[in-house]
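Structure, as structure tokens:
Number of protein chains: 2
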Amino acid sequence: MAAVDLSTHPGHLARRLQQAHYLLWNVMVSEEITSPQFAVLNTLVAEPGLDQRTVGERVGLDRSTMSEVITRLGRRGLLDKVRDPQDGRRFLLRLTEDGVRTHRRLTVRTARMNQVFLAPLSEGEQSQFFELIRRVADAAEELRSPAEPLRQDPDRLGAAPAPDVARHGGDPVTS
Amino acid sequence: MAAVDLSTHPGHLARRLQQAHYLLWNVMVSEEITSPQFAVLNTLVAEPGLDQRTVGERVGLDRSTMSEVITRLGRRGLLDKVRDPQDGRRFLLRLTEDGVRTHRRLTVRTARMNQVFLAPLSEGEQSQFFELIRRVADAAEELRSPAEPLRQDPDRLGAAPAPDVARHGGDPVTS
DNA sequence: AGCAATTAATCAGGGCACTGAGTATTTCAG
DNA sequence: CTGAAATACTCAGTGCCCTGATTAATTGCT
Numbered sequence: 412m413a414a415v416d417l418s419t420h421p422g423h424l425a426r427r428l429q430q431a432h433y434l435l436w437n438v439m440v441s442e443e444i445t446s447p448q449f450a451v452l453n454t455l456v457a458e459p460g461l462d463q464r465t466v467g468e469r470v471g472l473d474r475s476t477m478s479e480v481i482t483r484l485g486r487r488g489l490l491d492k493v494r495d496p497q498d499g500r501r502f503l504l505r506l507t508e509d510g511v512r513t514h515r516r517l518t519v520r521t522a523r524m525n526q527v528f529l530a531p532l533s534e535g536e537q538s539q540f541f542e543l544i545r546r547v548a549d550a551a552e553e554l555r556s557p558a559e560p561l562r563q564d565p566d567r568l569g570a571a572p573a574p575d576v577a578r579h580g581g582d583p584v585t586s
Numbered sequence: 412m413a414a415v416d417l418s419t420h421p422g423h424l425a426r427r428l429q430q431a432h433y434l435l436w437n438v439m440v441s442e443e444i445t446s447p448q449f450a451v452l453n454t455l456v457a458e459p460g461l462d463q464r465t466v467g468e469r470v471g472l473d474r475s476t477m478s479e480v481i482t483r484l485g486r487r488g489l490l491d492k493v494r495d496p497q498d499g500r501r502f503l504l505r506l507t508e509d510g511v512r513t514h515r516r517l518t519v520r521t522a523r524m525n526q527v528f529l530a531p532l533s534e535g536e537q538s539q540f541f542e543l544i545r546r547v548a549d550a551a552e553e554l555r556s557p558a559e560p561l562r563q564d565p566d567r568l569g570a571a572p573a574p575d576v577a578r579h580g581g582d583p584v585t586s
């Protein structure tokens, strides 16, 4: 009776989307290298010698997960990790030959997979798809890290913001 | 040089979207009950007495994860798990009073959170958002499980039902 | 009836994701 | 210059997510 329709819950959809992607990735791209691992390789192809924290920032992995992922990639011999002589807290990351080769190989497959994954959408819809998800994700990230301090009360996380939202009478997820 | 733009990779976007949702959920909904757990509660409000497998099917959780989630919810006293007297392999699931109360409380907060989460999109864009994600996720799921034969046509059980895929010529991320 | 699939659930194991605590190193303030 | 604060990384603990193997119960086939 009081149950809601999960198909109108963005979190539920996001989870299903990611699961679907995970499965297709395993089939079409690699069973060894995961999508987050590929993101790390990709970042280091563009900018060799970054430290872990910065790579994590680029691809959206937190410090702990980053640590694990780097360990795995290092274990597979895809990257080297050396202490920064300038700053002994940092580790600088650089792909090995094998890492570069692996990235190149997976890039091709990833492109193919993306086509299959997005095949149900027209070209225009694909752009919309990217755009909408990006906007929602970016906005939610802003909520956490105020980024540019826009000079607002820092204490409104627990409260109910969004005074503009509740306009449409029949809200979609009410009991 | 050969690096790709991750913002055109649906998998990367899906991951970022889910992470953003996870964080907001923790702040605005609950630190105890997760979004997948809520999905299970929600299903059992609508259909008490389902077995684990069916609930997992409804919310998109595989048998293993389902087992863990059920254990946690049971440990918190939110649901009861009893063996099906008709079929001793199954466990039938039913919310406790506390489970129902928890679901009701979280339903309100979840609705608020969804509004905040989707606030960057207009009403029309929100519909698009749901629609596009749903279509992609559904299609990807079809790729794995050939769905159910709507007739009893006996000669297409093992056949591959999806001859579509590579259609539009101008691929955005070609090898 | 009796034995071979099939099915529901669990377990083992690998990986992603977060928080909070701990370690080492650098920076900064007095 | 020296002790406090900040920073980079690691570790412990929890939870989600998948596959493949295992266990227990049911169904199906002869």
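Residue numbers (this note's numbering), protein chains in the order written: chain H, 412 to 586; chain E, 412 to 586. Glycine included, C-beta positions come from ideal geometry on N, C-alpha and C. Note that this is a predicted model, so its numbers are computed, not measured.
Check whether residue i and residue j have beta carbons under 9 Å apart
i: R505 of chain E; j: D491 of chain E; result: yes
i: G471 of chain E; j: G488 of chain E; result: no
i: P421 of chain H; j: H432 of chain E; result: yes
i: A413 of chain H; j: V456 of chain E; result: yes
i: T513 of chain E; j: V440 of chain E; result: no
i: P531 of chain E; j: A550 of chain H; result: yes
i: S418 of chain H; j: R546 of chain E; result: no
i: L517 of chain H; j: D462 of chain H; result: no
i: S554 of chain H; j: V527 of chain E; result: The displayed chain sequence assigns Leu, not Ser, to residue 554 of chain H. Yes.
i: L543 of chain H; j: E534 of chain E; result: no
i: R494 of chain H; j: R464 of chain H; result: no
i: R469 of chain E; j: E458 of chain E; result: yes
i: M477 of chain E; j: V519 of chain E; result: no
Amino acids of chain H, ordered along the chain, whose beta-carbon sits closer than 8 Å to that of residue i
i: T419 of chain E; result: N525, F541
i: E536 of chain E; result: L543
i: L532 of chain E; result: L543, R546, V547
Chain H residues whose Cβ lies nearer than 9 Å to that of residue i
i: T521 of chain E; result: V415, H420, G422, V584
i: V459 of chain E; result: It should be pointed out that residue 459 of chain E corresponds to Pro in this sequence rather than to Val. The premise fails here: P459 of chain E is roughly 11 Å from chain H at the closest Cβ pair, so nothing lies under 9 Å.
Those residues which DSSP pairs with residue i across a bridge
i: L504 of chain H; result: H:K492
i: D462 of chain E; result: E:L503
Chain-ordered chain H contacts of residue i [CB-CB under 7 Å]
i: Q429 of chain E; result: A425, R426, Q429
Residue i at chain E interface by Cβ criterion, 9 Å
i: G471 of chain H; result: yes
i: L503 of chain H; result: no
i: R483 of chain H; result: no
i: E479 of chain H; result: no
i: S441 of chain H; result: no
i: P474 of chain H; result: Residue 474 of chain H is actually Arg in this sequence, not Pro. With 9 Å as the cut-off, R474 of chain H does not count as an interface residue toward chain E.
i: R555 of chain H; result: yes
i: L490 of chain H; result: no
i: S446 of chain H; result: yes
i: P560 of chain H; result: Confidence at P560 of chain H is low in this model, with a pLDDT of 42, below 50, so the placement of that residue is unreliable and no value is reported for it.
Chain H contact for residue i (CB, 9 Å cutoff)
i: E590 of chain E; result: Since the first residue of chain E shown is 412 and the last is 586, residue 590 of chain E is not available in this structure.
i: E397 of chain E; result: The requested residue 397 of chain E does not occur in the structure, where chain E is confined to residues 412 to 586.
i: D549 of chain E; result: yes
i: P496 of chain E; result: no
i: A450 of chain E; result: yes
i: T518 of chain E; result: yes
i: L435 of chain E; result: yes
Endpoints, alpha helix (DSSP H) assigned at residue i
i: D549 of chain E; result: 534-555
i: P421 of chain H; result: 421-439
i: R483 of chain E; result: 474-486
i: Q448 of chain E; result: 446-457
Cβ-heavy atom distance, residue i to the ligand PLP, below 8 Å
i: I481 of chain H; result: You won't find the ligand PLP in this model; it holds no ligand whatsoever.
Contacts of residue i in chain E (Cβ-Cβ under 8 Å)
i: R515 of chain H; result: A413
i: L529 of chain H; result: P421, V547
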